[in-house]
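Following our numbering, the numbering of the sequence shown begins with 99 at its first residue and continues without gaps.
Virtual Cβ for every residue (Gly too), placed ideally from N, Cα, C.
Report on the following structure.
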Amino acid sequence: MSFTANRLLLFGATGDLAQRMLLPSLCALHADKLVAEDLQIIGTARQDFDDAGFRNFARAALEKFLPADRRGSMGTFLNRLHYQPLDANDLAGFTALSAKVGPIDDGLAIFLSTAPSLFEATIAGLSAGGLTGDKVRIGLEKPLGTDFQSSCEINDAVARAFPEDRTFRIDHYLGKETVQNLLALRFANILFEPLWNAAHIDHVQITVAETVGLEGRVGFYDGAGALRDMVQNHMLQLLALVAMEPPANYNATAIRDEKVKVLRALRLIDPSETVTGQYRAGAIIGQPVPGYDEELGKPSDTETFVAIKAHLDNWRWKGVPFYLRTGKRMPQRKTEIVVQFRHVPHSIFAGKGARSVPNRLVIGIQPEENITLSLMAKVPGLDRDGIRLREVPLDIAMADAFAGPNKRIAYERLLLDLIEGDQTLFVRRDEVEAQWDWIDGIRASWTEHDLKPKPYAAGTWGPSASIALTERDGVHWHE
Ligand code: BG6
Numbered sequence: 099m100s101f102t103a104n105r106l107l108l109f110g111a112t113g114d115l116a117q118r119m120l121l122p123s124l125c126a127l128h129a130d131k132l133v134a135e136d137l138q139i140i141g142t143a144r145q146d147f148d149d150a151g152f153r154n155f156a157r158a159a160l161e162k163f164l165p166a167d168r169r170g171s172m173g174t175f176l177n178r179l180h181y182q183p184l185d186a187n188d189l190a191g192f193t194a195l196s197a198k199v200g201p202i203d204d205g206l207a208i209f210l211s212t213a214p215s216l217f218e219a220t221i222a223g224l225s226a227g228g229l230t231g232d233k234v235r236i237g238l239e240k241p242l243g244t245d246f247q248s249s250c251e252i253n254d255a256v257a258r259a260f261p262e263d264r265t266f267r268i269d270h271y272l273g274k275e276t277v278q279n280l281l282a283l284r285f286a287n288i289l290f291e292p293l294w295n296a297a298h299i300d301h302v303q304i305t306v307a308e309t310v311g312l313e314g315r316v317g318f319y320d321g322a323g324a325l326r327d328m329v330q331n332h333m334l335q336l337l338a339l340v341a342m343e344p345p346a347n348y349n350a351t352a353i354r355d356e357k358v359k360v361l362r363a364l365r366l367i368d369p370s371e372t373v374t375g376q377y378r379a380g381a382i383i384g385q386p387v388p389g390y391d392e393e394l395g396k397p398s399d400t401e402t403f404v405a406i407k408a409h410l411d412n413w414r415w416k417g418v419p420f421y422l423r424t425g426k427r428m429p430q431r432k433t434e435i436v437v438q439f440r441h442v443p444h445s446i447f448a449g450k451g452a453r454s455v456p457n458r459l460v461i462g463i464q465p466e467e468n469i470t471l472s473l474m475a476k477v478p479g480l481d482r483d484g485i486r487l488r489e490v491p492l493d494i495a496m497a498d499a500f501a502g503p504n505k506r507i508a509y510e511r512l513l514l515d516l517i518e519g520d521q522t523l524f525v526r527r528d529e530v531e532a533q534w535d536w537i538d539g540i541r542a543s544w545t546e547h548d549l550k551p552k553p554y555a556a557g558t559w560g561p562s563a564s565i566a567l568t569e570r571d572g573v574h575w576h577e
């Protein structure tokens with residue numbers, strides 16, 4: 099049912115995500131008049147705040163995390179905020195929460211970012227408190243389980259109160275402008291699609307490199323690791339957008355139908371096609387940083403780096419490797435997709451001594467948003483000693499091409515879509531399950547072969563085995 103909610107209930111309202119992303123995003127949407135005048139935002143968490151206390155808390159978060167030029171209407175934004183303390187394990191507390199939320203006949207959107215152990219209790223509480231029904235939709239923030247089985251349990255618990263068309267699973271990468279731009283690049287241009295297949299593409303690389311380390315998330319991260327924290331969700335979504343067939347329409351069903359087919363075509367990985375690593379002390383941009391085990395305070399077998407050579411068993415991608423890598427404490431923050439095309443079938447310039455390099459498309463997602471297509475061009479000259487060719491970039495910096503619009507936080511888009519009920523950029527249950535299925539297969543093979551992460555120095559691109567993973571195919575990671 100389509101409706102725009104005029105109540106937004108934020109679980110985890112005092113948490114890190116709320117401070118860094120959710121409150122700043124909502125304030126920015128308010129400043130740009132993108133949310134209805136009557137939208138009320140109710141925060142809940144364990145902390146014992148009243149409305150005024152929460153507003154002060156929110157003000158501090160906004161001053162810290164929202165650029166000053168987007169804070170114009172902070173005062174009126176804060177008036178939208180309300181707060182109700184809640185222990186999710188206490189069923190009775192949901193009656194008070196429901197009273198605080200008030201009438202929901204015009205629509206309620208819930209944003210649930212909570213520890214997995216509290217999911218079932220929270221859903222039961224929402225049902226008991228009357229905070230479910232046709233006019234309520236729910237957004238779910240990761241982690242949604244740690245494997246296929248636990249993700250099914252969470253999804254089943256949610257499904258008891260919310261049907262799939264009112265369940266919005268968040269992958270914040272889908273809220274990023276450049277990620278959405280992948281669809282425009284592929285499907286609003288005729289240039290690429292005829293070449294976008296195994297006949298013309300040699301391989302694809304997807305890199306998500308971070309310079310940060312544990313960031314104090316000791317409890318969570320050590321139980322997750324890079325494969326589950328980054329590959330299971332963000333990287334597989336990027337892969338699905340790169341590899342999917344053209345959907346017939348830009349809508350939630352058409353796009354998600356195509357993504358899930360890709361995810362189901364992922365081949366079970368042989369352990370020799372994965373490399374894992376864990377950072378040791380080193381330096382990031384000249385600053386010394388401790389090793390993972392030192393930050394954690396004990397030795398651990400959790401991987402902070404993973405590289406995978408993935409394959410899609412379908413017609414379009416037969417024989418095209420997708421090299422994925424992600425890691426903490428890499429030399430630079432960089433998310434990018436590299437599409438490496440094949441050689442021209444026959445070089446007419448070979449007899450003239452010219453060497454030609456196959457074309458490459460690099461899609462930079464962050465920190466810089468840019469698209470670079472490398473093309474061969476003739477070096478100017480009279481060519482008495484033969485023809486020389488050189489690779490030249492066709493470069494689009496999105497920031498220059500679209501100067502003007504504010505760079506938005508991914509959650510601005512996602513919160514607005516949740517409030518208005520557009521599921522296109524949210525992950526459907528069958529996608530999540532296909533993702534977990536593949537990830538579980540990798541983890542099972544690591545366990546079977548007793549694979550442990552190899553150490554790498556902070557500030558490097560991971561263990562040397564990651565380089566060997568591509569080099570043995572004659573491929574270099576794009577750096
Ligand atoms: C989160 C992971 O989902 O994504 C974090 O849990 C990671 O470990 C973060 O740092 C990266 O997001 P972004 O938007 O900074 O690339």
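Supposed close pair residue i, residue j - CB separation, criterion 8 Å
i    : j    : result
K426 : G311 : 5 Å
R267 : L242 : 7 Å
K476 : I485 : 6 Å
T309 : Q464 : Going by Cβ atoms, the distance from T309 to Q464 rounds to 12 Å, so no, they are not a contact pair.
M342 : E356 : 4 Å
E371 : K407 : 4 Å
L306 : T433 : The question names Leu, but residue 306 in the sequence shown is Val. Indeed they touch by this definition, with Cβ atoms about 5 Å apart.
L516 : F209 : 7 Å
I304 : L422 : 5 Å
Any non-hydrogen atom of the ligand BG6 closer than 6 Å to residue i Cβ
i    : result
D327 : yes
Exposure of residue i, with buried meaning 16 or more beta-carbon neighbours within 10 Å
i    : result
E529 : buried
R315 : exposed
G557 : buried
D327 : buried
S249 : buried
P292 : exposed
T193 : exposed
V256 : buried
F217 : buried
N154 : exposed
R144 : exposed
Y509 : buried
R178 : buried
D368 : exposed
Y271 : buried
A186 : buried
For residue i, the first and last residue of its enclosing alpha helix (DSSP H)
i    : result
Y509 : 508–518
N154 : 149–163
V310 : Run containing V310: none; DSSP gives neither H nor E here.
F192 : 191–199
T545 : 527–546
E392 : 390–394
K274 : Note, K274: premise wrong, no alpha helix (DSSP H); not H, not E.
K359 : 350–362
V316 : 316–320
P465 : Per DSSP, P465 belongs to no alpha helix (DSSP H) and is neither H nor E.
Residue i: first and last residue of the uninterrupted beta strand (DSSP E) it sits in
i    : result
M474 : 468–476
I139 : 138–143
A207 : 206–210
F420 : 420–425
P214 : Element bounds for P214: n/a, residue is neither H nor E.
V436 : 432–439
G380 : 380–382
F266 : 265–267
L487 : 487–495
Cutoff 8 Å; reference residue i; Cβ partners in own chain excluding five residues on either side
i    : result
S225 : R258, A259
A159 : A116, Q117, R118, L121, P122
D203 : K233
E577 : W559
D146 : P183
Sequence-distant residues of its chain with Cβ nearer than 6 Å to residue i (five each side left out)
i    : result
L229 : S196
A379 : P388, G389
R365 : H409, D411
E392 : none
N295 : R414
Contacting residues, own chain, Cβ-Cβ under 7 Å from residue i (five flanking each side not counted)
i    : result
D136 : N104
V199 : R105, L107, I140, L206, L229
D538 : D245, F246
S171 : H128, A129
Contact with chain D by residue i, beta-carbon distance below 7 Å
i    : result
R118 : The structure shown has no chain D; it contains just one protein chain.
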